[in-house]
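Asks: For the sequence shown, this note's numbering assigns the number 313 to the initial residue and increments by one for each residue that follows.
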Amino acid sequence: MVISLLVFLPILVSPIVYILGRRNEKLRDDAVIVFTFCMLALAVFQAVFVTSILANAEDAASAPGLPGLDIPGIFVYGLSFTADGFRAVYSLVTAIMWAGTTLFSKEYFAHEREGLDRYWMFVILTLGATQGVMLSADLMTSFVFFEILSLTSFTWVIHEETKGAIRAAYTYLFIAVIGGLVLFMGLLLVRETCGTLAFRDLAAAVSSASQDTASGRRIFAGAVCILFGFGCKAGMFPVHVWLPKAHPVAPSPGSALLSGILTKVGVYGIIMTATQALFGSRAFGLLIFTLGLVTMFLGALLALFSVNLKRTLACSSMSQIGFILTGIGMATFTNALGEAHGEEGVTLALSGAMLHMVNHSLLKLVLFMAAGVVVMNLHKLNLDDIRGWGRNKIFLKIAFALGGLGISGVPLFNGYISKTMLHEGIVHGIEVTESMAGMGGVHAFFRIGEWVFLISGGFTFAYMLKLFICVFLEKNRDESVQAVYDENPVCMNLASTVAVFGSSLFMVILGQPLIMTRIAALMNGREEILEFAAFTLENLKGGFISLGIGALLYIVVVRRVLMRDGSYVNLWPAGLDLEDMLYRPLLTKWLPDIGGAVARVFGENLILTPVCRCIVFFGSLIGRSLCDSTDALILLLRKTIVREMPVRARRDMNPTRMEVFLRDTNEAVSTIFASFSFALAMTCVGVLMILGVLAYVLFF
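1) Should His1014 go down as buried or exposed, given a rule of 16 or more other Cβ atoms within 10 Å for buried?
2) Span of the alpha helix (DSSP H) holding Gly718?
3) Does any heavy atom of the ligand NAP sit closer than 7 Å to the C-beta of Lys418?
4) Take Phe549 and list the residues in its own chain whose beta-carbon comes closer than 7 Å to its own, dropping the five residues that flank it on each side.
5) Could I get the ranges of all uninterrupted beta strand (DSSP E) runs contained in the segment 354-415, with 3 residues as the minimum, in chain order?
6) Is the segment 659-671 close to the segment 829-836, with three or more CB pairs under 8 Å?
7) Looking only at its chain, what residues have a beta carbon closer than 7 Å to the beta carbon of Ser316, apart from the 5 residues adjacent to it on each side?
8) Closest by CA to Asp696, which one among Leu842, Gly390, Leu785?
9) I'd like the list of long-range same chain contacts for Phe434, defined as Cβ closer than 6 Å, with 5 residues on each side in sequence excluded.
10) Taking just the CA atoms, how far does Gly476 sit from Thr624?
11) Taking its Cβ as the centre, do 16 or more other Cβ atoms sit within 10 Å of Asn800, making it buried, or is it exposed?
12) Give the secondary structure of Met452 by DSSP, where H, G and I count as helix, E and B as strand, and everything else as coil.
13) Would DSSP call Asn805 helix, strand or coil?
14) Under the rule that 16 or more other beta-carbon atoms within 10 Å means buried, what is Ala643, buried or exposed?
15) Helix, strand or coil for Met313 per DSSP?
16) Going by C-alpha distance, which of Ile934, Phe532, Ile538, Val325 is nearest Gly440?
17) Report the residue from Leu693, Phe856, Ile781, Phe532 whose alpha carbon sits nearest the alpha carbon of Lys731.
18) Starting from Ile582, trace the alpha helix (DSSP H) in both directions and tell me its first and last residue.
19) Which same chain residues end up closer than 6 Å to Val445 when comparing Cβ atoms and leaving out the 5 residues on each side of it in sequence?
20) Which value, in whole angstroms, describes the spacing of the CA atoms of Pro322 and Ile906?
21) Measure the CB-CB distance between Leu352 and Ile408 and report whether it falls below 8 Å.
22) Can you grab the Cα-Cα spacing for the pair Asp286 / Val314, in whole Å?
23) What three-state label does DSSP hand Arg529 in the structure shown?
24) Which term fits Gly752, buried or exposed, when burial requires 16 or more other beta carbons within 10 angstroms of its beta carbon?
25) What are the boundary residues of the alpha helix (DSSP H) that Glu736 is part of?
26) If we ignore side chains and look at the alpha-carbon of each, how far apart do Gly572 and Asp341 end up?
27) Check Ala1059 in the structure and name its three-state DSSP category.
28) Where in the segment 858-929 do unbroken runs of the beta strand (DSSP E), each at least 3 residues long, occur, reported from the N-terminal end onward?
29) Using a Cβ-Cβ cut-off of 7 Å (strictly less than) and excluding sequence neighbours within five positions of Arg399, which residues of its own chain qualify?
30) Would you say the segment 489-501 touches the segment 526-541, given that touching needs at least three Cβ pairs under 8 Å?
31) Hey, how far is the Cα of Lys676 from the Cα of Leu514?
32) Starting from the Cα of Lys545, find the closest Cα among Ser879, Arg530, Gly491, Phe847 and give me that residue.
33) Using C-beta distances below 6 Å, list every residue in its chain close to Asn726, excluding the 5 sequence neighbours before and after it, in chain order.
34) Can you give me the Cβ contacts of Asn788 inside the same chain, cut-off strictly under 6 Å, excluding the 5 residues immediately before and after it?
35) With DSSP as the reference, please indicate the residues paired to Asn647 in a beta bridge.
36) So which of Ser879, Val754, Ala711, Leu569 has the shortest CA-CA distance to Gly814?
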């Protein structure tokens, strides 16, 4: 019952929100806030209920009594939902995100009237679709709601309808559509090979089907397609191009949801595919780990160079998704090594990935709402323009600082626990592969990956220092502008303060190892994670190495290289954009040009004409040969067996029956052999013979 309400009630309510807004805008805003908090209450109830069941269950994977919902006959395979620990936690995080952003949005949109009915309708509709993905029990259900939210969230990006918003929105939509098509192709491959897409049956089905080499290859190909499709939404390299462009143009509450939740929808699909379908594949684990490293480092590098507040946070989201992917990849790889080598590493890496999902969602809720406060007061995002604005905004300063400390992995804050688990998972992978034969290359790669991980963490601290010092500590270069900024320390009303500052308290609450390890145990069903010691000297060392690298990057790179004459500058080459360099030319120029050239070749018969002439020539030659040989055979028969015999003329004698038969047969055969139809039939026989010979030569 709770699952059906969480998934389908927002879908039913969304058109009512639109109609209500047409009549009374204030009532619409209040109704949306009340509704999202009701959904939060339902998600809390579900999480408590699931926790109580799992607490008394011996095996979390097969605990009886977990909520579930099956709707057969829809989209061929039906829709299927369930709520275990992982799903219940992320359903709750989703509800928290929606409640926080709607509470903040009332003030954010206070002076905006255009398009809000549409915006709120699709926000509520996306809530239902997101819950549908998070509570799905099979890949087909995930796909259905994944595609729904891809279309509904498109309206957030295009909301302001500026030139930049329209371009970014269509980039987002193109990536979503292409990703959806590739994802569906992967689902068909897996379904055809394994016979199921249900998560609870997929592992056994994949294991059974993979005994056949050809089936194993099809499953791997399908899993790669699924990874690509979900990776489009997650912001994974190389399909990340929509993310840094969509966030700056979307409304800040929408940016918080795009970064905090919609990217996690993609991560959810990757986690479920890796852990349920190919958890025993070293190759798949290495693929995810590699993509995670590239995504992590590239996102951090882009964030460090950016001089736009929301773009920096968007690139930061890309980088943090990379952190999560490294954990998923490492868990998948170490699990493939077997329990004797990889059990501890699986627990650490998978727990770190799941916890960092939760942390990043809540972190970006705070940081994007804080950016929204800046936008709704100044309507600017360039760092030089907003420099010094938050110097006397106490609550906002504290909230942003807590978010920055959390995402940087500073000890005692939430990001430290999850990043430490991820780091320890990589260290365990290094230790295991060092002692295994034939793993020298993988061992070296993991060592490089560890340093990429630590350096990327340093980049995170550097760009968060850059943002915080610029907005909340430095003074604006124009003293008159700074005087205006300092006039009013109040920058948001009570509701927005509760939303922003209240959400920032999660950074401290979730920074406690006791709480985080219990959440991790609930999400992945591995009780051994409860013994994780976060504040050992070895674990603290990794965190402080990253922070030290970050401080050095800020002093050397940000202050000395990325600032000119006291102003922040973006030195990233303007033309170095994967979308403009590759994707748009590929889709709008190169592929159409290639297709046009092929069409012209075939349209002008430069290839087809000679081929057709050869076919007609050889076909007619064979047809004539067959026809002449038949004539020769008839002539031979007439000269031998059925030759004409002289008959003496007898006036009183009628023709015999044999004579009549031979005469009629001769007339019929002559008519047939002389016809065009017979010649055409012989031509077809000749063509078939040629094709048969070619097929035999090529395939046998």
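The beta-carbon is built from N, C-alpha and C at its ideal position, and this holds for glycine as well.
Replies: Checking against the coordinates, here is how it stands:
1) Because the chain here runs from 313 to 1012, residue 1014 falls outside it and cannot be looked at.
2) Translated into the one-based positions of the sequence shown, residue 718 becomes position 406. 706-720 is the span of the alpha helix (DSSP H), which, as asked, contains Gly718.
3) Although the ligand NAP was asked about, the structure shown includes no ligands whatsoever.
4) Here residue 549 corresponds to residue number 237 of the sequence shown, with the count starting at 1. Here the set comprises Leu603, Val606, Thr607, Leu610.
5) 380-383, 391-394
6) yes
7) Locating residue 316 in the sequence shown gives position 4, where the first residue counts as 1. So the list reads Leu381, once near-sequence residues are dropped.
8) Within the sequence shown, residue 696 is the residue found at index 384, counting from 1. When each option's Cα is compared against that of Asp696, the closest is Leu785.
9) For the purposes of this step, residue 434 is taken as residue 122 along the sequence shown, with counting starting at 1. The residues are Thr464, Thr467.
10) Numbered from 1 along the sequence shown, position 312 holds the residue referred to as residue 624. Numbered from 1 along the sequence shown, position 164 holds the residue referred to as residue 476. Computed Cα separation, rounded: 17 Å.
11) Against the sequence shown, residue 800 aligns to sequence position 488. Classification of Asn800: exposed, given that the 10 Å Cβ count is below 16.
12) As a position in the sequence shown, residue 452 is number 140, starting the count at 1. Residue state, collapsed to three classes: helix.
13) Mapped onto the sequence shown, residue 805 falls at position 493. Note: Asn805 maps to coil in three-state DSSP.
14) Residue 643 sits at position 331 when you count from the first residue of the sequence shown. Classification of Ala643: buried, given that the 10 Å Cβ count is 16 or more.
15) Against the sequence shown, residue 313 aligns to sequence position 1. Coil at Met313, not helix or strand.
16) In the sequence shown, residue 440 corresponds to position 128, counting from 1. Nearest C-alpha to Gly440: Val325.
17) Numbered from its first residue, the sequence shown carries residue 731 at position 419. With distances taken between Cα atoms, Lys731 lies closest to Phe856.
18) What you label residue 582 is simply residue 270 of the sequence shown in a count that begins at 1. Here the alpha helix (DSSP H) through Ile582 covers 575-588.
19) Within the sequence shown, numbered from 1, the residue matching residue 445 stands at position 133. The residues are Ser454, Phe457, Phe458, Val577.
20) Position 10 of the sequence shown, counting from 1, holds the residue named residue 322. Position 594 of the sequence shown, counting from 1, holds the residue named residue 906. In a straight line, the C-alpha of Pro322 is about 45 Å away from that of Ile906.
21) Your numbering for residue 352 matches position 40 in the sequence shown. Your numbering for residue 408 matches position 96 in the sequence shown. Result yes, Cβ atoms of Leu352 and Ile408 sit closer than 8 Å.
22) Coverage of the chain is limited to positions 313 through 1012, which leaves residue 286 absent and any answer about it impossible.
23) Residue mapping note: residue 529 aligns to position 217 of the sequence shown, counting from 1. Here Arg529 sits in helix by DSSP.
24) Working through the sequence shown from its first residue, we reach residue 752 at position 440. With fewer than 16 Cβ atoms within 10 Å of its Cβ, Gly752 is classed as exposed.
25) Numbered from its first residue, the sequence shown carries residue 736 at position 424. Segment 726-746, the alpha helix (DSSP H) holding Glu736.
26) Here residue 572 is taken as the residue at index 260 of the sequence shown, counted from 1. Here residue 341 is taken as the residue at index 29 of the sequence shown, counted from 1. Roughly 22 Å separates the two Cα atoms.
27) The shown model of the chain, from 313 to 1012, leaves out residue 1059, and the question about it has no answer.
28) none
29) Here residue 399 is taken as the residue at index 87 of the sequence shown, counted from 1. Met446, Leu447, listed in sequence order.
30) yes
31) As a first step, residue 676 must be located in the sequence shown, where it is residue number 364. As a first step, residue 514 must be located in the sequence shown, where it is residue number 202. Near 33 Å, if we compare the C-alpha coordinates of Leu514 and Lys676.
32) Within the sequence shown, residue 545 is the residue found at index 233, counting from 1. If we check each option's Cα against that of Lys545, Gly491 comes out closest.
33) The residue labelled residue 726 in the question sits at position 414 within the sequence shown. The residues are Asn671, Gly718, Met819, Leu822, Gly823.
34) As a position in the sequence shown, residue 788 is number 476, starting the count at 1. These residues qualify, in order along the chain: Arg699, Gly700, Gln794.
35) In the sequence shown, the residue the question calls residue 647 occupies position 335. BP columns for Asn647 are empty, so no partner.
36) Position 502 of the sequence shown, counted from the first residue, corresponds to residue 814. For Gly814, the nearest C-alpha among the options comes from Ala711.
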